[in-house]
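Asker: Quick one: the structure is below, and I'll ask about it shortly.
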Amino acid sequence: MAKINTDFLLRLANNQISDEEIVTGYMRYYVAQGRNLGDMKHDYIRISSNLDGITLSNLMIERALTKTRQILDKYLIFNFNCRTTDDIEI
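Written as structure tokens, this is what we have:
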């Protein structure tokens, strides 16, 4: 089981990660472990409160979650003909 990679979350929050990396990272760190976007939000809260010198605003966190959902929607529509991520349990 892969533990969440803090670098992945920080790069995502700072918009320094490609769409392809978002999909593969999300699949590896969340889907493969039976986790979802709610868990990602909790991971963001945990790392922003536990790591000194890292400040993640609520806006940065919400943007990262929104971007992840948008990228997943595109991926799911193209590969599985789903309308949105609401069509499957993530």
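Final position of the sequence shown in this note's numbering is 1359; the numbers increase by one with none missing. Idealized CB from N, CA, C, for every residue including glycine. Everything numeric in this text was worked out from a predicted model, so none of it was measured.
1. How many angstroms separate the CA atom of Q1302 from the CA atom of K1343?
2. Buried or exposed: D1276, going by 16 or more other Cβ atoms within 10 Å of its Cβ?
3. Using C-beta distances below 8 Å, list every residue in its chain close to L1278, excluding the 5 sequence neighbours before and after it, in chain order.
Answerer: Per the coordinate set shown:
1. Distance between the alpha carbons of Q1302 and K1343 is about 22 Å.
2. Per the 10 Å Cβ criterion, exposed.
3. Excluding residues within five positions, the ones whose Cβ falls inside 8 Å are M1309, D1312, Y1313, I1316 and A1333.
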